[in-house]
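Heads up, the sequence shown is in my numbering, so the first residue is 25 and it goes up one at a time. The beta-carbon is built from N, C-alpha and C at its ideal position, and this holds for glycine as well.
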Amino acid sequence: MIDKMTERAFIPLASPDIRETDIEEMVRVVRTGMLVQGKEVAAFEDAIQQFLGVGHAICVTNGTATLHLSLLALGIGPGDEVIVPAFSYMATANVVELVGAQPVFADIQARTFNIDPGQIEDLITTATRAIIPVHEFGLACDIGEIIAIADKYGLAVIEDAACALGARENGRAVGTFGKFGSFSLHPRKAITSGEGGIVTTDNPVMAERIRILRNHGIHPGRPGMDFVAAGFNCRMTDYQAALVHSQFRRLPEIIARRQVLAQVYLEEIRNPAFVLPIHDESKLHTWQTFHCLLEDRLDRARVMDFLKQNGVGTNYGAQCMPAQTWYRDKYGHDSQTEFPNAWRAWTRGLALPVYEKLSVDDIKYISSVINRITE
Ligand SMILES: *Cc1c(COP(=O)(O)O)cnc(C)c1O
């Protein structure tokens, strides 16, 4: 697998598309001297509420905080169990640990990388309080089925839609099905405020709890400063809101563009050692990541190196969470046996570049490099 570096500019795995107009919006707000949470955050929250069709959208400091505050608002803590997929970014399980509860892992579907609803019921005990399904890589999980299971057992659902803003199932936006929805605005996601996150809910009591926890425990509806809880400071700044709001206006185009590019991969990659992702037509995929699986005969490190030599940046997609040191030491899972699909996605997965700044020609080029890999 030796090839010479091409004349093309290096294509990194990810690269946020921040435009001059976005920067001007941010600078306009910085110039006002209003540097904390204020009317720009409120305006962005209104825009997100309308776009998703949800009662409340609440901006916070990052995607991890959205999940953490949602668990606290539900009163989940020591003695409680929360079902999470075995494959996700680590934050999904970490927040359960952080409130003192126990994450219980369910395996994923092999080629959508989303939690397998068929695994969930067997994991439910008298201690189970909630499910945190993840809409991994921008694809809605089988959220309708998961809500039905949760309703049957009286469990809360917190949708981890960190990388799936705008993804839909049967026309309905993810983040509006569960008691809470959770979005991240990290630079690896479709639109970004640097660090940032959005909690969504239709429940006014839950919304109020999130607003209290976000702002030092101050009740948002009472005059003066009534400290009704020991809260956090999880506020987003107004200039961050202006930066991401400006990009948000392009979100439909960003998603449409990623769909075009992903389709090129699906048509052009013909290497039989690359197993391509699948999804069903009831779902609108936003392609935060184009994630494939390598057959065992390929050495992933060598494949990544070959792509790098040919000017293409790649990386692993997400983690098999129960296999990471903290969880393995604490719960003693044999992940390879217990969560075979999550294990495979973690050890054999490969994320390829897919974002607005790339051209169809770039994707064809990357595919042609992939098609030359034989060992
Ligand atoms: C990015 C991500 C998070 C964490 O979001 P941050 O904004 O980085 O805290 C959580 N869950 C999933 C599935 C993610 O992709």
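Nearest candidate by alpha-carbon position, reference residue i, set the options
i: residue 176; options: 66, 302, 149, 382; result: 149
i: residue 189; options: 354, 313, 367; result: 313
i: residue 217; options: 395, 41, 35; result: 41
i: residue 173; options: 296, 201, 249; result: 201
i: residue 63; options: 101, 125, 263, 220; result: 263
i: residue 111; options: 266, 158, 142; result: 158
i: residue 386; options: 134, 203, 286, 278; result: 286
i: residue 114; options: 261, 170, 156; result: 156
i: residue 397; options: 296, 152, 360, 194; result: 296
i: residue 280; options: 310, 182, 289, 138; result: 310
i: residue 126; options: 198, 151, 133; result: 151
i: residue 51; options: 67, 335, 359, 265; result: 265
i: residue 171; options: 376, 247, 180; result: 180
i: residue 224; options: 276, 97, 340, 290; result: 97
i: residue 228; options: 219, 203, 38; result: 203
i: residue 391; options: 321, 289, 246; result: 289
i: residue 379; options: 212, 105, 242; result: 212
i: residue 71; options: 271, 354, 132, 191; result: 271
i: residue 395; options: 194, 184, 330, 356; result: 330
i: residue 206; options: 321, 137, 109, 182; result: 182
i: residue 194; options: 299, 353, 135, 307; result: 307
i: residue 191; options: 169, 340, 75; result: 75
i: residue 317; options: 103, 375, 358; result: 375
i: residue 31; options: 144, 333, 232; result: 333
i: residue 347; options: 178, 335, 370; result: 370
i: residue 123; options: 106, 315, 282; result: 106
i: residue 116; options: 136, 102, 103, 95; result: 95
i: residue 78; options: 335, 169, 269, 196; result: 196
Boundaries of the alpha helix (DSSP H) in which residue i is found, first to last residue
i: residue 152; result: Run containing residue 152: none in the alpha helix (DSSP H); it sits in the beta strand (DSSP E), 152 to 155.
i: residue 317; result: No alpha helix (DSSP H) contains residue 317, which is instead part of the beta strand (DSSP E) from 314 to 318.
i: residue 126; result: It is not in any alpha helix (DSSP H) - residue 126 instead sits in the beta strand (DSSP E) that spans 126 to 130.
i: residue 406; result: Outside the displayed range of the chain (25 to 399) lies residue 406, so it cannot be described from this structure.
i: residue 277; result: 275 to 292
i: residue 393; result: 384 to 395
i: residue 234; result: 228 to 238
i: residue 49; result: 44 to 56
i: residue 181; result: Note, residue 181: premise wrong, no alpha helix (DSSP H); beta strand (DSSP E) at 180 to 184.
i: residue 92; result: 87 to 97
i: residue 355; result: 349 to 355
i: residue 329; result: 324 to 333
i: residue 70; result: 63 to 76
i: residue 122; result: 115 to 122
i: residue 133; result: Careful: residue 133 lies outside any alpha helix (DSSP H) and carries neither H nor E.
i: residue 362; result: 359 to 362
Residue i - containing beta strand (DSSP E), residue span
i: residue 373; result: 373 to 376
i: residue 254; result: It is not in any beta strand (DSSP E) - residue 254 carries neither H nor E in the DSSP assignment.
i: residue 107; result: 105 to 109
i: residue 223; result: 221 to 225
i: residue 207; result: 204 to 208
i: residue 170; result: No beta strand (DSSP E) holds residue 170; the alpha helix (DSSP H) holding it covers 167 to 177.
i: residue 80; result: 80 to 84
Exercise. Please write down, chain order preserved, every residue whose beta carbon lies under 6 Å from a heavy atom of ligand 1.
Key: 86, 87, 88, 112, 113, 115, 116, 158, 184, 186, 187, 208, 210, 221
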